Each structure stands twice: as C-alpha cells, then as structure tokens.
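Here's the structure we're looking at; comments come further down.
Protein chains: 2
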Amino acid sequence: MTYCIGYWLEKGLVMASDSRTNAGVDYISSYSKMYVFQPASDRLFVLLAAGNLATTQAVVSWIRRDLDRPAEDSPSGAGDLRSCDYLFEAAAYIGRVSVAVQEENGAALQQAGASAGASFLLGGQIAGESHGLYLVYPQGNAIMATRETPYLQIGETKYGKPPLDNVGHTNLSLEDAARLCLISEVLTQRSNLTVGPPFELAIVPADALTVAHRLTFAADAPELTAMVETWSDAQREALHRLPSFPWEQASPT
Amino acid sequence: MTYCIGYWLEKGLVMASDSRTNAGVDYISSYSKMYVFQPASDRLFVLLAAGNLATTQAVVSWIRRDLDRPAEDSPSGAGDLRSCDYLFEAAAYIGRVSVAVQEENGAALQQAGASAGASFLLGGQIAGESHGLYLVYPQGNAIMATRETPYLQIGETKYGKPPLDNVGHTNLSLEDAARLCLISEVLTQRSNLTVGPPFELAIVPADALTVAHRLTFAADAPELTAMVETWSDAQREALHRLPSFPWEQASPT
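Residue numbers (the working numbering), protein chains in the order written: chain A, 4 to 256; chain B, 4 to 256.
Here it is as structure tokens:
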C-alpha cells in the first residue's frame, strides 16, 4: 500500500507521500512515490503514485521517454507533458499512459489474482492557468480538487482523513498545510503497517512554477517524533476537556 | 456499513456502536446494533453486530429463542448463553449460531453478488471469571482483547483508529474510555457516510455483572457537538504547536 495526499490551497499546492511498498508481508521495501517534471520553464508537474509498482514505474519511464523524443514522434502515442496547454490535458495524458501500461500485463496479472491498477495525483501549473490538482483513476479518467474538496488522497486513505476534514481549509498557509499532511501521513503509519517512512513533501507556491521546498523525513527524523508527541499530547489534553457525563458532575472529583 | 468498538480496561468494559445501516445509497436506515443479554444474575453479555443486517438480526433472534427453550432442547443445536462456563464458550456459541444463520441464505446471496457475512463484538463477564471481550469473525472463530491489544473494532474501522492508538491504554477510567470511543465514532461519521448516529454506549464495570450506564446520543445531541468542537479546536491548536520548518525559523514572524 501507499498513502499520498495532494492539497490545493489558495497559495499553492502541498504534495506528500510515504515510501513503503509491499508485495505481501515478505517483501517490504522503500520506493519514492514522488516525481517532479519540469519539461519547460512555463510548466511544473508533481506526480504521486499508488498501486502496482511495476505499473507506476513504467508510467514514469514512459513519461520520461515521451519527453526525450521529438513531440511529433510520441512513442506512447499518448502525447507528452510539453504539448498540453491545460493541466486537465496533462492529467488525461497520464491516464492514457497508465491505461496503456496496464494493458500490457493486466490480463496475466488478473489470472494470477493480482491487479495492474495504479492511481496518481498530479499537481502543478502551466503558465497562464491557475495551479491545480488532479486524481487520475486506474481507468484513466480524472477528477480535480476544488475549493469545496481541496485535498485528494490515494492509497491507504482512511486513517489520515479525519485531521484533514476537521482542520483543513484552503486558506491555510502552505507550511501549515504541509504539517497537516505530514501528521496525516504519520498517523496512518502508526495505525497501518503498509504505510511507512521516509515521508516526502513538496511545497509548490502558486505562480512560482517551481518546487519551493522538497523535504524528506526518515523514520528517525526528530521532526516526526516531535510532531507525533505534540499531536498525541493535544489529544490527551482534549480528552480531559471533553464534556463530562451526568453522573461525573454529580460526584465531587 | 457500521462502526462498533469494544474496549477492555482494567476497570471494566466500554462498548460503543453507531446505528446506520445501508443497502446501497438508496436505502439508508437506523438500527441499534447493541444487544444486552443477562440470562441469569451470574452473567452479563453485551453484543455489538456488523455486517449483513438479516444475518445479525437472525443471530440475535436465534440467541433469544435458545434462551426461551429448556437448555436440553436447544433449537439452534449450538447451545445457549446460560450453559457456558467461560466467556470464550459464549463467543464460540455466537460463532456457531452466526455460521448456521449464514448457511441458510449464503449461497443465494453469493449468487446475487452479496454477502451474508457478519462480525460481532462480545463483551461481558461470567461470575468467577474476569471480564472479557471477543471479536467473532464471520467464519465463527474468535479472538480476544488483551492488555497489549485492549480494543477491538468491527465495520468501518480505519478512520477512528488513530485516536485509540495514540491516546488509549488499559488504565483509562471507564468514562475517559467511553469519551474516546465516542470521539472515534464521531470522527468516523464525519469522514464516512455509512456510519451515523444515534451512537450508543454501554459502560460495564468489572465484577458488577450489570451495565452501569447505557446512553444514546442522537445526531443533534449537544454533547456530540461539544465533543467535536473541543477535539477540532485541540487539533487546530496542535497544528500551530508543531515544529516549524527551517525557513520559517530563519525569517522574523
């Protein structure tokens, strides 16, 4: 499994990912799931990947190959990240490449009881357009983040959703949103073995067309320990501030 | 879906459940999932149910029927809650009844692409034994809660797990554990449509052989609103107490 978050904010984008990959419980390994593409100075893309590792690696390789060749000679036949004028076209391109990759081995994998499926979060900006964020489904279609639903998740999404729902909004600073995403990652890791460090973070300010900060936090990073302690302390304090039951109020403490 | 929690504490048990039942998105309704059985003064059982509603209702009806008839004439052939000397025997009995109920319609349901499966949490005590808590799987086998893993969940378990993992331990007061379970329920409800109020809570002190407090919280219960506000406020405060990134420290605030 995997847990990736993309967060759309007024001030830009935050992209966060874990690095655990597992095929069963016998083969657990670390792979970065964050890829940055800047094929020209007028465009920046940050791609996060979840699902079948062979699929996601091949999709990234195909994207790079498409960028290596002249645009009119697209090897994947799907276009490339240079030729799109809108972010939604880039998301559709990722979807086409993903579907094409899955078709290569999908049937054999299905016979073996496995899935070639993969999901992607594509955040970025093309000059002249606002920054945006898309979730590309295994079937190749995509939805975008909006002000009403500013964050999108792929992988093991449930454990870390409540803090995003409770505290998140689009006017957070990029740094606060980045901390919120990290907390969401770390909480998920504590409750589920298939999500694990190092955690990666990319902070992309609106209209900058560059990744302002890219950070990696290892398992023993003191920042992560401090975060979990602060968060757990706050929960313990909150537990004691919750309303008492009627019978507790009746008896002197 | 459903979300039920059983929490084993040194001082007793807390059992919590939601009340939402849905068959697709067109048929959403409310059913209590908490059943209390006290077939004799020396024993108390609190049962929480998740899964196929027809199965869980039939299991409870069978349990009641087994208690109505003379013990030697067990209609289900599986025993009853009077005749067990240990809580693990009661859990095994629930498992046998559940499997027998599932066998009645399981094949037809499977053909229709549905599942007859159901899971149960059984908390309680039989005089002479300590209080205990079991999770009964759809296959009829069961695991118990221990000091290392004091809480068990069934249904939509992921959203509400982090607070239990971060703050929970077996020396909490029954009231604090009850508040923690309620928070876990309410957070789940906020992030997932298939879990909903009213929420039910049973507090069972060790060796009391009675439910000391049984509470129901409707959707508009002011306690729930106050809880969510307190919890979200604490998270917002915690977010601002998390460690800063290096570039934030460098610039004057």
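Glycine included, every Cβ here is placed at the ideal spot set by N, Cα and C. Just so it is clear, the structure is predicted and the values come from calculations on it, not from any experiment.
Per the DSSP calculation, residue i is bridged to which residue(s)?
i: V17 (chain B); result: B:Y10, B:I206
i: Y30 (chain A); result: A:A26
i: Y154 (chain B); result: B:Y10
i: M230 (chain B); result: Beta-bridge pairing links M230 (chain B) to no other residue.
i: A181 (chain A); result: Partner(s): none; A181 (chain A) has no beta bridge.
i: R217 (chain B); result: B:A205
i: Y137 (chain A); result: A:L125, A:M147
At 7 Å on the CB atoms, spell out the chain A contacts of residue i, in chain order.
i: K164 (chain B); result: Y162, S194
i: D168 (chain B); result: R193, S194
i: L138 (chain B); result: Those within 7 Å of L138 (chain B) in chain A number zero; the least Cβ separation is about 17 Å.
i: L190 (chain B); result: P165
How many angstroms separate the CA atom of residue i from the CA atom of residue j?
i: F48 (chain A); j: R239 (chain B); result: 30 Å
i: P208 (chain A); j: A215 (chain A); result: 7 Å
i: T149 (chain B); j: C184 (chain A); result: 33 Å
i: G171 (chain A); j: T191 (chain B); result: 16 Å
i: T233 (chain A); j: S187 (chain A); result: 13 Å
i: Y34 (chain A); j: R99 (chain B); result: 45 Å
i: L16 (chain A); j: A57 (chain A); result: 27 Å
i: S22 (chain A); j: K161 (chain A); result: 17 Å
i: S86 (chain A); j: A74 (chain A); result: 7 Å
i: Y30 (chain B); j: Q60 (chain B); result: 17 Å
i: G82 (chain B); j: Y96 (chain B); result: 7 Å
i: F123 (chain A); j: Q105 (chain A); result: 13 Å
i: G54 (chain A); j: L138 (chain A); result: 13 Å
i: S20 (chain B); j: E159 (chain B); result: 11 Å
i: T113 (chain B); j: A103 (chain B); result: Checking the displayed sequence, the identity of residue 113 (chain B) turns out to be Gln instead of Thr. Roughly 16 Å separates the two Cα atoms.
i: S44 (chain A); j: L212 (chain A); result: 7 Å
i: T228 (chain A); j: S32 (chain A); result: 22 Å
i: E226 (chain B); j: Q252 (chain A); result: 14 Å
i: V189 (chain B); j: E107 (chain A); result: 44 Å
i: M37 (chain A); j: I8 (chain A); result: 11 Å
i: I146 (chain A); j: A94 (chain A); result: 9 Å
i: P165 (chain B); j: T173 (chain A); result: 24 Å
i: A221 (chain A); j: G116 (chain B); result: 44 Å
i: D69 (chain B); j: V62 (chain B); result: 10 Å
i: D88 (chain B); j: G109 (chain B); result: 31 Å
i: I157 (chain A); j: R244 (chain B); result: 27 Å
i: V39 (chain A); j: A180 (chain B); result: 45 Å
i: E92 (chain B); j: D76 (chain B); result: 18 Å
i: P78 (chain B); j: A111 (chain B); result: 23 Å
With distances taken Cα to Cα, identify the nearest neighbour of residue i among the options.
i: F248 (chain A); options: B:R182, B:H172, B:L56; result: B:R182
i: G80 (chain B); options: B:S176, B:S101, B:S122; result: B:S101
i: E178 (chain A); options: B:G98, B:W250, B:R193; result: B:W250
i: P141 (chain B); options: B:L245, B:A43, B:A52, B:P225; result: B:A52
i: R144 (chain A); options: A:A121, A:N55, A:A241; result: Per the sequence shown, the amino acid found at residue 144 (chain A) is Asn instead of Arg. Measuring from the Cα of N144 (chain A), the nearest candidate turns out to be A:A121.
i: Y6 (chain A); options: A:S176, A:P225, A:P201; result: A:P201
i: D71 (chain A); options: A:Q41, A:L50, A:F220; result: A:Q41
i: T24 (chain B); options: B:L138, B:I206, B:G199; result: B:G199
i: I129 (chain A); options: A:P153, A:R85, A:R46, A:L112; result: A:R46
i: L218 (chain B); options: B:I206, B:P225, B:D88; result: B:I206
i: E151 (chain A); options: A:L167, A:Q105, A:P73, A:Q252; result: A:L167
i: D210 (chain B); options: B:L227, B:E132, B:P165; result: B:E132
i: V231 (chain A); options: B:T59, B:P246, B:G135; result: B:P246
i: A119 (chain A); options: A:L90, A:R67, A:A26; result: A:A26
i: N10 (chain A); options: A:E203, A:T213, A:P153, A:T228; result: The sequence given here has Tyr at residue 10 (chain A), not Asn. For Y10 (chain A), the nearest C-alpha among the options comes from A:P153.
i: A224 (chain A); options: A:T173, A:L175, A:R67, A:E203; result: A:E203
i: I66 (chain A); options: A:G116, A:L125, A:K14; result: A:L125
i: L242 (chain A); options: B:S64, B:R193, B:L175, B:K14; result: B:L175
i: M18 (chain A); options: A:T197, A:R193, A:L155, A:S77; result: A:L155
i: M4 (chain A); options: A:V28, A:T173, A:E13, A:A111; result: A:V28
i: G163 (chain A); options: A:A111, A:S194, A:A180, A:L84; result: A:S194
i: E13 (chain B); options: B:L196, B:D236, B:F220, B:G135; result: B:G135
i: D236 (chain A); options: B:N169, B:S235, B:A222, B:A221; result: B:N169
i: L270 (chain B); options: B:T197, B:R244, B:G127; result: Within the shown structure, residues of chain B are numbered from 4 to 256, placing residue 270 (chain B) beyond reach of any answer.
i: L3 (chain A); options: A:L84, A:A111, A:T197; result: Shown here, chain A extends from 4 to 256; a query on residue 3 (chain A) therefore has no answer.
For residue i, return the contacting residues in chain A, with the cut-off set at a CB-CB distance below 8 Å.
i: N244 (chain B); result: First, the amino acid is wrong: residue 244 (chain B) is Arg here, not Asn. Residues of chain A passing the Cβ test: T233, A237.
i: A229 (chain B); result: L245, P246
Please list the partners that residue i has in chain B, where partner means a Cβ-to-Cβ separation under 7 Å.
i: R182 (chain A); result: L242, L245
So which residues of chain B does residue i contact, with C-beta pairs closer than 8 Å?
i: E251 (chain A); result: E178
i: F216 (chain A); result: The question names Phe, but residue 216 (chain A) in the sequence shown is His. In chain order: F248, W250.
So which residues on chain B does residue i lean against when the C-beta distance must stay under 9 Å?
i: E13 (chain A); result: Residues of chain B passing the Cβ test: none, with the nearest at roughly 17 Å.
i: E226 (chain A); result: L245, P246, F248
When you measure from the CB of residue i to every non-hydrogen atom of the ligand ATP, does any distance come out below 7 Å?
i: Q238 (chain B); result: Absence of the ligand ATP from the depicted structure is noted, as is the absence of any ligand whatsoever, leaving it without description.
Can you check the segment 35 to 121 of chain B for any alpha helix (DSSP H) of at least 4 residues that lies completely inside it and give the ranges in chain order? Scanning the segment 35 to 121 of chain B from its first residue to its last, the whole alpha helix (DSSP H) runs of 4-plus residues come out as 56 to 71, 90 to 114.
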